[in-house]
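Residue numbers (my numbering), protein chains in the order written: chain A, 1 to 884; chain B, 1001 to 1099. Don't be surprised by glycine CBs; every beta carbon is placed ideally from N, CA and C. The structure presented is a predicted model; accordingly, all values stated were derived computationally and were not measured. Shown next, in structure tokens, is the structure this report addresses.
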């Protein structure tokens, strides 16, 4: 609008100055001016302020246009150029760059007007009018564009603001919606979880209840609670278990309350509960204090354990029944073994009697078969009995003093015959520093060793069996004579060179009736009880048994057991000391094909400071002796194994003897032969033949080697000054005592026997020995004589008139206890070999038992055995009291 | 009854005649005790003989003693008398070789 106005103004001004207005045209022009003035007048000032630049521009444009038109019309080229240049400059200065398109349009309009005028010049005034109008239109367009732009800018800004506001709003709304949705979801979840919990609560197969902590009132219970206790929910809520009488035992309830108070929870407490109908149920209750709805409460879970309880009761009953059955089994086994033993003894006794009668060769063979099988069966029954005793815990260990070396050597001796029959070497090796004076159960230890050795002998075809004894720990008080001798641990191992045990069978061999493989039983015999018994016994001694083995190479069974040490006797392992200096510095040659024997005997001699050399066979021994003689250091003594491959020991001895000159000459070396027990008679006969027997520089010992025996014998042959005759009586005991060779000590023996024939007979049996035998003809007389003067041994007949043997032994034992005397060894003699009699005599206090008729060999052996072990006050409670 | 030859240890040669004499006495004692049905005495004598014979190398004597003891316990006087008879016969027919 303003533009139009401006254009009008510009038109009027140009019209007036260029063309002098005619009178006729004045009126409308005045009108026009009046309109413009009025408009300007009424035009609001802000509008004017805002658009004055546009108006000035419009005026300028009009002036320029008029000047242009005039210069063109009048063909005033100079003016035209000035006008164009001014217009261009003005436009360049005034028109903002933003409006270049409008400016370009205006210029185009001007150019077009100029071209049109130049091409078709009409009346100049007409042309000017048109072009002014045209320019005005252009200016109008320009202004409108500017206005429109401004408006658009404004609107855009406004819309932008609005847009931002809107977006802000939308964002806020979205957020709020999301928050709402979240809340709703949480609520939903809460509802679901509550429903789930409720479901768990309701469907739980344990009765769940929530009680108020203070009052104990039920707040909530589940369905199972209702069905377990029989109360309806309404009956329970708001009341306490005590009011309902749910606790059958108030003391249990007290414990529950105390636990909850002190610990805040109770886990798996067993209680008895009472249901509504008065039934008592065993229940397991777990409860914990928890806050429910802001209130301290107790949440408890109760489970009916009736079934579990009854199952438990059944289990207990079953176990008891099983135990009873096992007990009954042990009892049965024990009884039946006894029952079998009794007739077995009778059978064996009879077989013994039979074998002593005149029999044909064939008959003797039959009797021997009976004896061998009977003995095997008796051993088996005894094994079963032992096992039953250990299993039922009826076997208790004794604590008596014993010497480990004696025990090992005697045990080996007992098995020597069976080992030597198989041509096996048997030896004991006691490592230096092993305490030997011990306290323990020698009988059981011996039994273990017999089992292990028996096994080793059974499964070894050739080679040797070596028992090695070592002390595992230095006893704490070994050097100080304290009251308590302390305890020592020992490893006793039995190593053989037998068939060995495959790895996979090693665990099973300690199981009763198991052998390394089932064919073993067929090949080697035996019940497989020995190791099982040995294992039980070792375990009873708090020890353990181990086995190492290599198939084809041999096995080593070791037991590791503790024994108490005898007080102040840590070094009690010495031979009669008077003889020792004789061995010092002596040169001894050992000829033995068995390494173990050379090592063991060598050790014994080296301990005594002898110089020891070893060779493995006869020819080498001869060569060595020759060499030593020539070198001027002949050997003082030779220790010769009788059984060597090639040249045996006796031949070697014979060679050496003849070498020394005629048969009765004294060889430069003293000779000690080591004989084996199985062919002793033959060997002794040969020794007699070669004059060895009567040579003072020669002697023999019987294997298995015993240290004291060997050292004594060596000492003896090395000092031929002593009384030969006396030596002979000690050296060559009758065959019966060959197995227990060694010097016999004189004994004072009381024989209580009512049969004169037996008295005379026993006296005759003992005639050759350094034993004094005194008689008692009745039990009473035996008692009187024992009390009157001490004896080394009592042989007690059991069946005697007036006071029988049992009573006499009991009386003697009582008297010994009263007097605190070391109990005298007593051997019972009975004509009944039955187990019962044996047991009764042992119960009465006898140490051993002999069946009549008594054989000389058994009698001597029993005497030696009974008087060999050191005696202790084992019946006397006094030492036990002294400990306190 | 034919002779019974028994070998006995020379060491016992001093004792054997006395022993045999006493066994004859025992045989007589058995007969006497049987007459008065003294089973206690019979068992006792039997037991004693049982415990003696074998030690002298005369196992048959022990066996007879055992039989007497057994028969006395069973109150079998007939068997007892038979045993006494056997004992006496055995002693009569005995021929001892000392070696």
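With 16 or more other Cβ atoms inside 10 Å of its own Cβ, residue 796 of chain A counts as buried. In the DSSP assignment, the residues bridged to residue 489 of chain A are A/562. In the DSSP assignment, residue 451 of chain A falls within the unbroken alpha helix (DSSP H) covering 442-458. Residue 756 of chain A has a beta carbon lying within less than 8 Å of a beta carbon in chain B. The CB of residue 840 of chain A never comes closer than 8 Å to any CB in chain B; the least such distance is about 15 Å. For residue 827 of chain A, same chain residues with a beta-carbon under 8 Å away, outside a window of 5 residues either side, are 793, 794, 795, 796, 846, 847, 848, 849, 850, 862, 863 and 866 in chain order. Of A/557, A/812 and A/401, the smallest CA-CA separation from residue 844 of chain A is found for A/812. Using a Cβ distance threshold of 8 Å, residue 585 of chain A and residue 598 of chain A do not count as a contacting pair. Fewer than three pairs of CB atoms, one per stretch, sit closer than 8 Å, so the stretch 308-326 of chain A makes no contact with the stretch 371-387 of chain A. Not flagged as an interface residue toward chain B: residue 804 of chain A, since no C-beta distance is shorter than 8 Å. Secondary structure note for residue 614 of chain A: its beta strand (DSSP E) is the uninterrupted segment 611-615. The C-beta of residue 1090 of chain B comes no closer than 8 Å to any C-beta of chain A. Annotation: the stretch 367-443 of chain A contains the following complete segments of the beta strand (DSSP E) (minimum length 3 residues), in chain order: 400-403, 425-430 and 437-440. Proximity of chain B to residue 850 of chain A at the Cβ level (cut-off 9 Å) is not reached, the minimal Cβ distance being about 10 Å. Relative to the Cα of residue 389 of chain A, the nearest Cα in the group A/540, A/763, A/466 and A/308 belongs to A/540. Listed in chain order, the non-local C-beta contacts of residue 610 of chain A below 6 Å within the same chain comprise 583, 586 and 588, local neighbours out to five positions each way being set aside.
Burial check for residue 192 of chain A: the Cβ neighbour count within 10 Å stays below 16, so the residue is exposed.
Taking 8 Å as the cut-off, the beta carbon of residue 565 of chain A is found closer than this to the beta carbon of residue 487 of chain A. The CB of residue 1037 of chain B never comes closer than 8 Å to any CB in chain A; the least such distance is about 20 Å. In the structure shown, residue 288 of chain A adopts extended strand secondary structure according to DSSP, grouped into three states.
At a C-beta separation below 7 Å, residue 1010 of chain B has no neighbours in chain A, since its nearest C-beta there lies roughly 11 Å away.
Contact check for residue 398 of chain A against residue 443 of chain A passes: the beta carbons are separated by less than 8 Å.
DSSP links residue 218 of chain A through a beta bridge to A/211 and A/237. In the three-state reduction of the DSSP assignment, residue 550 of chain A falls in the strand class. About 6 Å separates the CB atoms of residue 612 of chain A and residue 590 of chain A; that is less than 8 Å, so the two are in contact. With a threshold of 8 Å between beta carbons, residue 1048 of chain B makes contact with chain A. If you draw a straight line from the Cα of residue 361 of chain A to the Cα of residue 1095 of chain B, it is about 22 Å long.
Your pair residue 673 of chain A and residue 700 of chain A checks out as a contact, with CB atoms roughly 4 Å apart and the cut at 8 Å.
Residue pairing for residue 849 of chain A: DSSP places it in a beta bridge opposite A/828. Residues of chain B whose Cβ lies closer than 7 Å to the Cβ of residue 853 of chain A are, in chain order, 1051, 1052, 1053, 1054, 1055 and 1062. Below the 9 Å Cβ cutoff, chain B contributes 1012, 1015, 1019, 1052, 1055 and 1056 as neighbours of residue 761 of chain A, in chain order. With respect to chain A, the C-beta atom of residue 1059 of chain B has a partner C-beta closer than 8 Å. For residue 816 of chain A, the number of other beta carbons within 10 angstroms of its own is at least 16, and it is reported as buried. For a Cβ distance threshold of 8 Å, residue set 756 and 757 of chain A lies close to residue 1022 of chain B, ordered along the chain. Interface annotation for the stretch 593-623 of chain A against chain B: empty, criterion Cβ-Cβ distance under 9 Å. At a cut-off of 8 Å between beta-carbon atoms, residue 356 of chain A makes contact with chain B.
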